[in-house]
Each structure stands twice: as C-alpha cells, then as structure tokens.
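Take 1195 as the starting number for the sequence shown in the working numbering and just add one per residue.
In what follows, a structure is listed as structure tokens, so that the remarks can point back to it.
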Amino acid sequence: MSKFLEKVEVIFIILSLIVFFSFLISTYYPQLIKLAPISYVIAEIISSLLAVITFSFVDRNWRGWLGWFFIVLGIAFFIIGDIIWFYYPIFLSQEAPFPGIAELFYVLFYVPIVIALVYFIKWINVALSSTEKFLIAIIAVILLIGVMYVGVVPTFFDKEQTFLEKFLNSFYILGDFVLLTLSLILTIQLWGGIRAQNLIFFVIGASLHSLGDIIFSYLFKAYGLTNLVDVMFVACILFISYSVIRESRLHIK
C-alpha cells in the first residue's frame, strides 16, 4: 500500500501544479480563461474518484467508517455543485448565476462535513484542559463577533440583495464559522500518529474552504469567470480526498 500511496501523492502533486499554472495562464492570457475552470473540474473529479474507489474497499465494521463516509458524501455534494457552477464559464462563457442550482449542493456540502467533524471529536474524546477550553471559547467568540459584524449584519441590511441572496450569503458565513470552530477543537484534540496525520489533512481541507469563502467575501466584489478562491476550493477537495485515501488504506478488508 505504501507504493500505492506514493503513486497517489505523485498524482495529487501533478493535479496541484496543473491547477496552479492553469490559473496563472488564465490570469495573464484572457483568451485562455476557460483553461482554469476546466483544470479545476478535472482535478476535483480525479481526486474524488480516487478517494471514493479507495474508500469502497474499507471494512464497514470499522468504527471510523461512518465519519469518513460523511466526508466522502460532502466531497460528492461539493463537486456536483462545482460541475454545475463551472458549466457556465466553460460552455456558455459567462459567470455562473447566483443564486443558482449549484448553491443547493454547496449548502448540502456543509451538512455531512459538520457531522463528520462532530463525529471525530466525539470519537477521539480527549479531555481538554481548562486552558484549552478557554482558548477555544475566546477564539470562537472573536470569530462569531467578526462574522456577525462584518458579514451577517451588513448582508441583512443590504437592500440590493434578495431574501434568498441574504440567506445564502449569511448561511455560508455562519457555516464557515462552524467549520473553523469545529476544526480548531479537533486539531487541539489530535495526538501523534497516523490517525492524527490523516485527520489533519481533512481539517486543512475544511479550513481552506472556509478561508476561501472569507477571502472572497472581503476582497472581491464580483466572481467573474474564474477567481483566485477557486484554487483554494480545489485545494480543499484535494486535501480532503487525500485524507480519505490515506485513512482508507489502513482499513481495507
């Protein structure tokens, strides 16, 4: 299995380089702008298929199977959303509509990922010290105040947005807050070893998704045919898919 993992790592490195250089080429050569979204979709599909195929061989009697199943489900929702989203710039040469059908799958992405985070937090069940609990509480409060003051409240008072736009924008912001908070708790709970390494890759992926949303919300006014945050979202899928593959290889029947 070590040779298999080495091959997977080479594939993921190649996919990452393709995504990065496709973004650069699309940035400096507008006539090739479709190259970026095409590379994003290809990278996500290949990485997720590798994850799903590897996970399909895992013993379902293993206690951690359910948590990783929710992760795979979250990947599936996100990629379906991205395929719909990137259909517009690839085939219609126009920005994807917001709100659109893709939003349904982006919203659904949060549900299994949050469930997986909670599942692993309970599974690991490491008692946090009073200092660690205080640290988590302080960071969570600061994050909540920040997203409410800068994101949620201004969104609801924005007269140019429809109710659905306000709901989706607020949902994404609060959903990212939950992901970051749970990821922080899980990171503090983790200990050394293979399990910790694999979950860390998952946590990094989930955090990249949230950071991508935050960066877009505060730095960009319009999405366009492609955007820098797309690279972060693809990286999110690559990290999560890689974590699934690494963990699955330890529990194959």
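From the three backbone atoms N, C-alpha and C, an ideal C-beta is built for every residue, glycine too.
- Below 8 Å, enough C-beta pairs join the stretch 1360-1370 and the stretch 1396-1409 to call them touching: three or more.
- Annotated three-state conformation of I1227 is coil, per DSSP.
- Contact annotation, L1311 with S1377: C-beta distance approximately 7 Å; criterion of less than 8 Å satisfied.
- Assignment of V1335 by DSSP, reduced to helix, strand and coil, places it in the helix class.
- Closest option to A1296, judged by alpha-carbon separation, among I1315, I1309, G1275: G1275.
- Cβ atoms of V1428 and A1237 come within 8 Å of each other, at about 5 Å.
- Residue range 1259-1281 is occupied by the alpha helix (DSSP H) that includes Y1281.
- DSSP, read as helix, strand or coil, puts V1347 in helix.
- A direct Cα-to-Cα measurement between Y1366 and G1345 gives close to 10 Å.
- Cβ-Cβ separation between A1245 and I1446: approximately 13 Å, too far for a contact (criterion under 8 Å).
- For V1252, the three-state secondary structure derived from DSSP is strand.
- Ranked by Cα distance from G1268, the options L1444, T1356, I1434, E1441 are led by I1434.
- Taking L1380 as the centre and dropping the five residues before and after it, the same chain places the C-beta of L1311, F1314, I1315, L1393, V1397 closer than 7 Å to its C-beta, in chain order.
- Taking a contact as a CB-CB distance under 8 Å, the pair F1303 and F1350 does not count as one, their CB atoms being some 23 Å apart.
- Here P1231 has F1280, P1283, I1284, T1420 as same chain residues with Cβ atoms under 6 Å from its own Cβ, once five neighbours each way along the sequence are excluded.
- Here P1306 is buried, its C-beta having at least 16 other C-beta atoms within 10 Å.
- Per DSSP, L1298 is one residue of the alpha helix (DSSP H) stretching across 1295-1318.
- I1265 and P1348 have their C-alpha atoms roughly 32 Å apart.
- Q1288 and Y1234 have their C-alpha atoms spaced approximately 16 Å apart.
- The C-alpha of I1212 lies about 16 Å from the C-alpha of Y1222.
- Residue I1207 holds the alpha-carbon nearest to the alpha-carbon of L1432 among I1207, F1198, K1201, K1197.
- Listed in chain order, the non-local C-beta contacts of G1399 below 6 Å within the same chain comprise C1430, F1433, I1434, local neighbours out to five positions each way being set aside.
- Distance from S1442 to F1263 at the Cβ level is roughly 11 Å; contact not present, criterion being Cβ atoms closer than 8 Å.
- C-alpha of K1360 to C-alpha of V1308: approximately 22 Å in a straight line.
- CA-CA distance, G1294 to V1301, rounds to 11 Å.
- V1425 counts as buried, since no fewer than 16 other beta carbons sit within 10 angstroms of its beta carbon.
- Comparing alpha carbon positions, the residue from L1444, L1422, L1286 closest to S1220 is L1422.
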